[in-house]
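Protein chains: 2
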Amino acid sequence: MTARTYGQYCGLAAALDVLGERWTMLILRELALGPKRYSDLLERLPGIGTNLLAARLKALDAAGVVHRPDAAGYALTPRGEQLRPALDSLARWGWELLPDQPKAGSVRAPWAAMLMRAQMEASGGPGVAAIVDFDVGGERFWLRADAERADLRDGPAPVRADVTARCDLPTFTALATGRTDAREAIRSGALEIEGDRRLLEQLLRRFRLPARTNLSSMPGFPGRMRNL
Amino acid sequence: MTARTYGQYCGLAAALDVLGERWTMLILRELALGPKRYSDLLERLPGIGTNLLAARLKALDAAGVVHRPDAAGYALTPRGEQLRPALDSLARWGWELLPDQPKAGSVRAPWAAMLMRAQMEASGGPGVAAIVDFDVGGERFWLRADAERADLRDGPAPVRADVTARCDLPTFTALATGRTDAREAIRSGALEIEGDRRLLEQLLRRFRLPARTNLSSMPGFPGRMRNL
DNA sequence: CTGCATCCGCCTCGATACTG
DNA sequence: CAGTATCGAGGCGGATGCAG
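These protein sequence lines are chains A and B, in that order. Using the numbering used here, count along the first sequence one by one with no gaps and you end on 228. Using the numbering used here, count along the second sequence one by one with no gaps and you end on 1228.
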């Protein structure tokens, strides 16, 4: 009954009173890619439990972070959209914790794409204006970039894209981590392009994630960490 | 035994695997103000419970976020310091959730000061270089500002400050929220200054927090929210 | 079928008591 | 001072039920 709040007059504590419970920020991550229905969220958040998702959505609605534009479907409110810098910042910090090689089934292309978008914005912006339509192993999402900012949504692009890129998930993660580049992937046939090839190459160059210090070599590891 | 992780190859999920449990980010907030001992943390985190604090510190140590420079005392590692932008971002988002009037006992001057520092950095930087020593109701902390960034630590300034400011907590929150300004507070005697008065006035102008939309007037309020 | 609510076992949390 | 041990209450995860 007595909702567990920190009761501190502090911005961080107040934010965590709303966002701090398990799964909450991950729900918002999914909704940041576009509106979704209850069952969409369930399938993208493996392990969450149906009751918990319902409870979180209700709480987020009450907090003014999420709303229901139509009867079936949840979306971020403007207040929820304002969370993006914070989620980006956390994601960039967490990126360095991830192992070099993802465990099978733990990767979703949009998650990597979100990270790359955040990274791009943090390092001076995309630099070019473009709309790119991705198909990564059948998963569709699209990016709208301008000089400083980039926006990422799932689903197919609702407008005509400048470039269309199709590849499988391993290729995409290889592109993301810089283990390969666009030119090479195209040459090997792993990446299929339609439209302005140079635009995509330009973007992917800015898209690259920073190298990670390998955690397994850190003192005190493993503690209670990762099991991807 | 099986530490509850999300198991997603996603920066945000990885960050939350380390930071997502209750109290963790608030511990880091405290350590971001400077190294502290176990009992210092206990007293600044009312309600945390001794076992939980010990467990969190152990986990954060294992994760490479916190370390113990000397036998009794915890501090952020460089990796922990890198969390500042993320904590700042969350704090700025959460600021707008706070009620205009804090409940008695729920305010700590450094929390407001942290928020002001984050706000200052986000809106173009302090603009001036200065070291300011604060004494707010007996609580000491100091700010080192340059054109773009600002650093805030608790305790008295270890170097000679350009300005020394002394006031009580209500005056400080009034300054923070813009309900009063430095000139007025000095004139009324609520704020005592030693040193370069104009420097402080300049800083405090950049220090002001944005106005908040009053939550209580929002649809769906109260849901499960604040009880400060 | 989607969108939950209910129930159940376990784990986390918070409070208190106790120890080196 | 700096934690560990213990225990009740509640949050979480999984399975199942059920209404629209």
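Ideal placement from N, C-alpha and C gives every residue a C-beta, glycine not left out. Treat the numbers as computed from the prediction; the structure is a model and nothing was measured.
Check, Outcome
"Show which residues of chain B have a CB atom less than 9 Å away from the CB atom of Gln-8(A).", "Leu-1026, Leu-1045, Pro-1046, Ser-1106, Val-1107, Arg-1108, Trp-1111, Leu-1228"
"What number of angstroms, rounded off, separates the C-alpha of Ala-1013(B) from the C-alpha of Trp-111(A)?", "10 Å"
"So, is the C-beta of Ala-182(A) closer than 7 Å to a C-beta in chain B?", "no"
"On the CB-based measure, 16 or more other CB atoms within 10 Å of its CB, does Gly-1189(B) come out buried or exposed?", "exposed"
"Quick one, which of Cys-167(A), Leu-115(A), Ala-113(A) has its alpha-carbon nearest Gly-138(A)'s?", "Cys-167(A)"
"For Val-1131(B), write down the residues that DSSP places opposite it in a beta bridge.", "One point to set straight first is that residue 1131(B) is Ile, not Val, in the sequence displayed. Looking at the DSSP assignment, Ile-1131(B) forms a beta bridge with Arg-1144(B)."
"Using the three-state DSSP reduction, which class does Lys-103(A) fall into: helix, strand or coil?", "coil"
"Contact criterion: CB-CB distance below 7 Å. Does Ser-1217(B) meet it with respect to chain A?", "Low local confidence applies: a pLDDT of 36 at Ser-1217(B) is under 50, so the model's placement there is unreliable, with the coordinate-based value given in what follows. No, Ser-1217(B) does not count as interfacial toward chain A."
"From the DSSP secondary-structure annotation, give me the bridge partner or partners of Val-1136(B).", "Glu-1139(B), Cys-1167(B)"
"What does Ser-89(A) reach in chain B if we use C-beta pairs closer than 7 Å?", "Pro-1085, Ala-1086, Ser-1089"
"So what's Ala-113(A) in DSSP terms, helix, strand or just coil?", "helix"
"Do we get a CB-CB distance below 7 Å when we pair Arg-153(A) with the residues of chain B?", "no"
"Less than 7 Å between CB atoms is the rule here; does Pro-102(A) satisfy it with respect to chain B?", "yes"
"Does Arg-1117(B) get closer than 7 Å to chain A when you measure Cβ to Cβ?", "no"
"Measuring only the C-alpha atoms, how far is Pro-99(A) from Gly-1125(B)?", "35 Å"
"Note down, in chain order, every chain A residue with its Cβ under 7 Å from the Cβ of Gly-1138(B).", "Neighbours of Gly-1138(B) on chain A: none; closest Cβ ~18 Å, over 7 Å."
"Going by C-alpha distance, which of Val-65(A), Arg-149(A), Ala-15(A) is nearest Ala-129(A)?", "Arg-149(A)"
"Flag this pair as yes or no: are the beta carbons of Ser-39(A) and Gly-1007(B) separated by less than 7 Å?", "no"
"Report, in whole angstroms, the separation of the C-beta atoms of Ala-1165(B) and Leu-1191(B), which I expect to be a contact under 8 Å.", "6 Å"
"Is there contact here, the stretch 1080–1091 of chain B with the stretch 1156–1164 of chain B, by at least three beta-carbon pairs under 8 Å?", "no"
"Is Leu-169(A) near Ala-109(A), with beta carbons less than 7 Å apart?", "yes"
"Hey, is the stretch 53–71 of chain A in contact with the stretch 1043–1058 of chain B, meaning 3+ C-beta pairs nearer than 8 Å?", "no"
"Rounding to the nearest angstrom, what Cα-Cα distance links Arg-179(A) and Ile-1131(B) in this structure?", "45 Å"
"Per DSSP, Asp-17(A) forms a beta bridge with which residues?", "None; Asp-17(A) has no bridge partner."
"Give me the Cα-Cα distance between Leu-19(A) and Met-25(A), rounded to the nearest whole angstrom.", "6 Å"
"Following the continuous beta strand (DSSP E) through Gly-1195(B), name the residue where it begins and the one where it ends.", "1192–1195"
"So the beta strand (DSSP E) Ala-55(A) belongs to, where does it begin and stop?", "Ala-55(A) -> not in any beta strand (DSSP E); alpha helix (DSSP H) instead, spanning 50–62."
"When the Cα atoms are used, what is the spatial distance from Gly-1127(B) to Ala-1062(B)?", "38 Å"
"Going by C-alpha to C-alpha distance, which of Thr-171(A), Arg-37(A), Arg-4(A), Leu-115(A) sits closest to Asp-70(A)?", "Arg-37(A)"
"Quick check on Ala-72(A): does DSSP put it in helix, strand or coil?", "coil"
"Report the residue from Phe-1172(B), Gly-1155(B), Tyr-1074(B), Asp-1146(B) whose alpha carbon sits nearest the alpha carbon of Leu-956(B).", "The question about residue 956(B) has no answer, for chain B in this structure spans 1001 to 1228."
"Exposed or buried, which one is Gly-1064(B) when buried takes at least 16 other CB atoms within 10 Å?", "buried"
"With respect to the beta strand (DSSP E) encompassing Ala-1150(B), which residues constitute its N-terminal and C-terminal limits?", "1150–1154"
"Using beta-carbon positions only, say whether Gly-94(A) and Ala-1015(B) come within less than 7 Å of one another.", "yes"
"Terminal residues of the continuous alpha helix (DSSP H) containing Arg-29(A)?", "24–32"
"When you compare the CB positions of Ala-1157(B) and Asp-1181(B), do they come within less than 7 Å of one another, or not?", "no"
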